[in-house]
Amino acid sequence: MSVEKIRIVDRPLSIKIQEAAMALGYTPLQARIIAGRLRDTEVGKLPALLNLQMSGLTPPDRLPDMAIAAATVISAIQQQWPIILISDFDADGASAHALLKTAFRDYFGISEQQIHSYIGHRLHDGYGVTETLTDRIIAEAPIPALIITADQGSTDHERIARLRDRGFIVIVTDHHGVPASGPPPAAVACVNPVRADSAFPDPYIAGVQVAWLLCCAVRQELIAAGCLPASAPKLGGLLDFVALGTMADCVDLARSNNNKAIIARGLALMNAPGRRPVWQALQLATRSHGPITAATLAFSFAPLINARGRLDSALGSVDLLMSTHLPEAEEMAQHFVEHNNERKIVQAQMLQRSTRQALQQVRDGASAITIFDPQGHPGVHGICAARLVESCGRPVAYFSPKAEGDCITASLRTVQGFHVRNALAKIAERYPDDFLSWGGHAGAGGVTLKHEALSRFAEAWAAIAAEALSGQELGPEILTDGVLEDSPSTGVVEELSALEPYGRQWDPPVFRGAGRITQLRPVGDGTHLKLVLRMAGADYDAIWFGAVENGLSPVAVGNDVTFVYGLEINTFRDKTTLQLKIKYAVVTSH
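Residue 2 is where the sequence shown starts when you use the working numbering, and the numbers rise one by one after that.
Written out as structure tokens, the structure reads:
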């Protein structure tokens, strides 16, 4: 539910990009889609940004500290040290954890008994290499050992120093922002593409891809050291994990010359004969039909994997991803469905409470929203913050009390033009004693504060947003690719599918249309609508998910509407038809 009227806005087009795409052989429609997602300054990069070939990937040695990281891993393997893996509890972290464990065990010949897994609990530990997680490792893990972090660690200077002082060697692999002071000096290496001294040209890759690139470098060094034959399998077989983590973490697909190629290859593995049991199990659990697509990962698989880490230990996610038996994977996936259903209930309750706060702040003219929910569940903060961003069109920080201690924790999400991590850095510099931990990147972040610091944070958060977004119209909006010049058809769907995979910043095409509703009925649980729309003299089947709120339909038969829609092929009972997928509609006449 939007707290303000939603604006329908056509994307501005880069004429330079459009012309360059046409010159590369793309159709006028494809060129238009591309030109709505890239800027003039990126015209020289266009061939690389559209290249889905694996040969176009950036090599691992461009990442900072990669040489010393790979050499340290080789030394640990040769000395038969235990390998300790620490990762984030979200799908990116879990995918990276499964990838690292599989690479060391199946590609590098390390026994599973030598590999130890740690993932912080979202509620009890919080994000990163926290004090409680560090205490547990020091108390339990063997020494000496090599620790490799995945999708975290760049800001955990003090905890990494504690681990080093206890005899652990630490390698950080991460993609989150690095403090201005630099990476943790106690780590022997910090492999992170967003470091200030990084020569890696793609700062948009996910944490799981950083972990994969480390493994690629280790394989090369093992061959050079004579520990593996030159014919040893390459690590492309792990790109299904990378694809899942990349889509789940909502990193930029438009400006990355690696992400789309990685996802495309990973999807091919997920749909190939002999695929991992997890993919079939997740298809069955989510009732996904047909080939696994980028949308399947983003909207079906990732929520299930994330739900486990939101409400329970994310180590279960790693177990599911690495399962080798389909019945076992199916049983675990079904438990994940139950977790996800629990998450949906908690989410609905939290949004009902927080929407009232958000609406009041919008009325008060706030440029950014700060929510404090005494009954909130920290594991669902991120989703709720994202939903409020959609309905308010403003950056959102969603706080609740932390399970232990007199502190509060939040997830933060944003709109175009507002950089979350940069905003956090400014607030932390202004009020350093208020912060217990914080981190993030352009689109999202997390923070733990002393309880009494909430009002100072909210004031600073809104002030920084007001400055950053000055001159920008605030409020919810839907970006479209304008009016579809040709009639909707399966041919248009095929034309658009050539630009797959779609994802964040490389959004699936949606168009603006006008027509009359000639048929309408609720389907599913009653919140979805099945429609027939008459547009330019032709009738089109359409579906509008989640249209009905509080039992009220926003449209009726006979309404003339302006609507935003995507195109999809719908297969039901072996019959394939074109279907419009309605994103939003507003009545223009009754």
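Here a beta-carbon is modelled for each residue, glycine too, at the ideal position from N, C-alpha and C.
Quick caveat, the model's predicted, so the values are computed rather than measured.
Own chain partners of residue i with C-beta closer than 6 Å, once the 5 adjacent residues on each side are dropped
i	result
V338	A286
Y432	R457
A200	R63
P143	P83
D561	R517, T589, S590
A36	L14, S15, I18, Q19
V524	K531
L47	A21
D66	A190, C191, V192
L305	F337, N341
N272	P292, I293
From the options, residue whose alpha carbon lies closest to that of residue i
i	options	result
R266	Q284, L239, A282	L239
D136	S392, L164, D152	L164
V416	A537, G476, V565, A548	G476
R309	I264, R344, E331, M55	R344
S490	A463, A467, D540	D540
L581	E468, L568, T572	L568
A255	D561, I116, W507	W507
R522	G516, I293, K531	K531
V243	L25, F400, A104	A104
L534	F169, I518, K403	I518
H452	C216, S324, G406	G406
V347	F373, H378, G183, W213	H378
A303	Q284, A32, G291	Q284
A396	Q79, D434, A443, K403	A quick correction: the sequence has Pro, not Ala, at residue 396. Of Q79, D434, A443, K403, the residue nearest in Cα terms is A443.
H125	A315, E550, D434	A315
Q54	N259, V192, G127, I170	N259
P509	R196, L223, T297	T297
V421	S182, V390, K403	V390
S324	I384, Q281, A461, N52	Q281
I409	A71, S392, T28, L437	L437
I85	A146, A77, N341	A146
Y128	D89, L51, T28, Y119	D89
L30	V493, N423, A459, R12	V493
Environment of residue i [buried if 16+ CB atoms lie within 10 Å]
i	result
D250	buried
A349	exposed
L553	exposed
V558	exposed
H591	exposed
D198	exposed
G418	exposed
K6	exposed
L134	buried
V10	exposed
L500	buried
E496	buried
F300	exposed
K102	buried
A537	exposed
Contact set for residue i: own chain, Cβ-Cβ below 8 Å, skip 5 residues either direction
i	result
W439	T156, L425, A429, G446, G447, V448, T449
I75	V219, E222, L223, A226, C228
P375	S401, P402
H529	P523, I544, W545, F546, G547, A548, V549
Contact with chain B by residue i, beta-carbon distance below 7 Å
i	result
A411	Going by chain labels, chain B is absent from the structure shown, which holds only one protein chain.
Spatial neighbours of residue i in its chain, beta-carbon cut-off 7 Å, leaving aside the 5 residues before and after
i	result
V130	I87, T150, Q153, G154, D157, R160, I161
L322	A95, S96, A99, F242, V279
I263	Q210, L240, V243, A244, T247
V1	It is not possible to answer for residue 1, since the shown part of the chain is limited to 2 through 591.
V252	Y205, I206, A207, N260, R505
Y27	I35
A49	G57, N258
P234	Y108
Does the structure place the stretch 482 to 492 close enough to the stretch 273 to 293 that three or more beta carbon pairs sit under 8 Å? no
Within the chosen definition, does the stretch 18 to 30 reach the stretch 167 to 182 through at least 3 CB pairs nearer than 8 Å? Between the stretch 18 to 30 and the stretch 167 to 182 there are fewer than three inter-stretch CB-CB distances shorter than 8 Å, so the stretches are not counted as touching.
If we require 4 or more residues per run, which alpha helix (DSSP H) segments fall completely within the stretch 214 to 266? 240 to 249
Going along the chain, which unbroken runs of the alpha helix (DSSP H) with 4 or more residues stay wholly within the stretch 50 to 90? 67 to 79
Is it the case that the stretch 97 to 117 contacts the stretch 327 to 341, given that we only count it when at least three CB pairs across the two stretches are under 8 Å? no
At 4 residues or longer, what runs of the alpha helix (DSSP H) sit wholly inside the stretch 343 to 402? Those alpha helix (DSSP H) runs which fall completely within the stretch 343 to 402 and span 4+ residues are 382 to 393.
Taking contact to mean 3 or more Cβ pairs, one atom from each stretch, closer than 8 Å, check whether the stretch 132 to 147 and the stretch 350 to 365 are in contact. no
Residue ranges of each alpha helix (DSSP H) run of no fewer than 4 residues wholly in the stretch 435 to 488, ordered along the chain? List check, alpha helix (DSSP H) in window: 455 to 469.
With three or more beta-carbon pairs closer than 8 Å as the criterion, would you say the stretch 56 to 70 touches the stretch 115 to 125? no
Evaluate contact between the stretch 459 to 477 and the stretch 360 to 378, counting only Cβ atoms and requiring at least three cross-stretch pairs below 8 Å. Yes: at least three Cβ pairs fall under 8 Å.
Tell me the start and end of each unbroken beta strand (DSSP E) in the stretch 116 to 203 that is at least 3 residues and wholly inside, in chain order. 116 to 120, 146 to 151, 169 to 174, 190 to 192
Considering only residues of the stretch 486 to 541, which uninterrupted alpha helix (DSSP H) runs meet the minimum length of 4 residues and lie entirely inside it, listed in chain order? For the alpha helix (DSSP H) assignment, the uninterrupted runs of no fewer than 4 residues enclosed by the stretch 486 to 541 are, from N- to C-terminal side, 491 to 498.
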